[in-house]
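Heads up: the structure comes next, in structure tokens.
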Amino acid sequence: MPGLARLRTFKDMKETPNRAANRPDNRQFAPATGRNRDAIAAVLQRVLPKTGLVVEIGAGSGEHAAYFAPRFPGLAWQPTEPDADGRASIKAWAEAANVPNLRPPLDLDVTRAVWPVTEAGAVFCANMIHIAPWACCLGLMAGAGRILNEGGVLVLYGPFKRDGEHTAPSNADFDAGLKSRDPAWGVRDLSEVTEAALDNGLALEQTVDMPANNLMAIFRR
Ligand SMILES: C[S@@+](CC[C@H](N)C(=O)[O-])C[C@H]1O[C@@H](n2cnc3c(N)ncnc32)[C@H](O)[C@@H]1O
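If you use my numbering, the sequence shown corresponds to residues 1 to 221, in order.
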């Protein structure tokens with residue numbers, strides 16, 4: 001049941017986000033975002049449109065949104081997150097960042113047939129499809145296919161298998177750990193993700209190898 005699996009995920013990340021002691025707001029901290037954000041931003045600089053709306057899926061703590069929005073001032077950055085604690089953290093990060101192009105978070109569960117955003121130039125999703133049932137990857141592709149403009153881009157970040165194989169022993173260990181927490185979770189194979197994308201009018205345009213055995217996969221509508 002995607003809803004139940006989903007509700008566990010924000011607090012069940014590889015490194016659980018935490019609230020800093022003595023901090024008076026709802027900001028949570030996911031340490032991995034500090035390590036991966038510059039490498040991700042460099043790819044986003046190349047593939048995102050210069051203007052329009054970017055919808056971030058499963059924005060988690062909101063640290064990515066607060067870091068990326070000021071770096072893309074021509075874009076409106078719309079974080080989304082189905083978990084209420086996550087949305088509170090995103091809202092707190094957005095308020096602290098105080099940048100005009102960062103919107104307050106929306107409640108968006110990818111498995112819903114109707115999303116609260118109906119049109120976008122880009123969809124960005126980091127580290128969601130492996131920490132959620134496969135139905136969430138299918139929902140992401142269906143929703144991105146519905147809302148992306150012609151020529152719009154879907155950007156995924158995370159670990160992937162290639163041709164059925166893990167790309168590193170650490171990813172195999174991570175996959176085993178995910179499956180022990182929930183058998184419906186697991187590192188996805190890029191070819192299966194690509195097939196799901198194609199079924200929704202999204203073609204794989206390029207992949208970029210990222211630090212820590214992650215990958216960015218860029219799909220174009
Ligand atoms: C591992 S966290 C990643 C958070 C953030 N993107 C990052 O990279 O730090 C996975 C995120 O996916 C979200 N998620 C899980 N199921 C979802 C669904 N059905 N629709 C949208 N987001 C979902 C979780 O709530 C969580 O915020």
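Glycine included, each C-beta is placed from N, C-alpha and C at the ideal position.
For residue i, report the span of its alpha helix (DSSP H) as first-last.
i, result
"L156", "L156 -> not in any alpha helix (DSSP H); beta strand (DSSP E) instead, spanning L148 to G158."
"F174", "P169 to R181"
"I90", "A84 to A97"
"E63", "E63 to F68"
Nearest by alpha-carbon distance to residue i: which of the options is it?
i, options, result
"V43", "V155, P159, G143 and D85", "V155"
"A217", "A142, V47, D38 and F174", "V47"
"K50", "T118, A122, L202 and E95", "A122"
"R221", "L190, D209, A94 and M141", "M141"
"N101", "S89, N127 and F72", "F72"
"L200", "R146, M210 and F174", "Here the sequence assigns Asn to residue 200, which means Leu is not the residue at that position. Minimum Cα distance to N200 is reached at R146."
"G177", "E205, I131 and L204", "I131"
"P70", "V99, G86, A88 and R87", "V99"
"A97", "A88, A66, D85 and E192", "A66"
"F124", "A88, H166 and I40", "I40"
Does residue i pass the burial test, meaning 16 or more other C-beta atoms within 10 Å, or should it be called exposed?
i, result
"D83", "buried"
"T80", "buried"
"G164", "exposed"
"R103", "buried"
"Q224", "The structure shown does not extend to residue 224, since the chain is modelled only from 1 to 221, so the question has no answer here."
"R162", "exposed"
"G74", "exposed"
"S89", "buried"
Measure the alpha-carbon distance for residue i versus residue j and round it to whole angstroms.
i, j, result
"W115", "A144", "10 angstroms"
"E150", "P159", "27 angstroms"
"G139", "A113", "8 angstroms"
"P133", "R188", "10 angstroms"
"P105", "K91", "6 angstroms"
"A197", "A76", "24 angstroms"
"T194", "N127", "16 angstroms"
"A120", "A168", "34 angstroms"
"Q45", "F68", "10 angstroms"
"V208", "V153", "15 angstroms"
"V222", "G52", "Only positions 1 to 221 of the chain appear in this structure, which leaves residue 222 out of reach."
"I129", "W93", "23 angstroms"
"Q206", "F219", "7 angstroms"
"A21", "E95", "With a pLDDT of 49 at A21, under the threshold of 50, the modelled position of that residue is not reliable, and no figure is offered here."
Could you please give the first and the last residue of the uninterrupted beta strand (DSSP E) stretch that includes residue i?
i, result
"A122", "A120 to A126"
"R221", "From DSSP, R221 is part of no beta strand (DSSP E); its letter is neither H nor E."
"A39", "Run containing A39: none in the beta strand (DSSP E); it sits in the alpha helix (DSSP H), P31 to V47."
"T207", "A203 to M210"
Within the chosen definition, does the stretch 180-199 reach the stretch 97-112 through at least 3 CB pairs nearer than 8 angstroms?
Flag = no, the stretch 180-199 and the stretch 97-112 do not touch.
Would you call the stretch 27-34 and the stretch 62-71 in contact, with 3 or more CB pairs under 8 angstroms?
The stretch 27-34 is in contact with the stretch 62-71.
Could you tell me whether the stretch 31-38 touches the stretch 49-58, using the rule of 3 or more Cβ pairs below 8 angstroms?
Touching, no, given that fewer than three Cβ pairs across the two stretches are closer than 8 angstroms.
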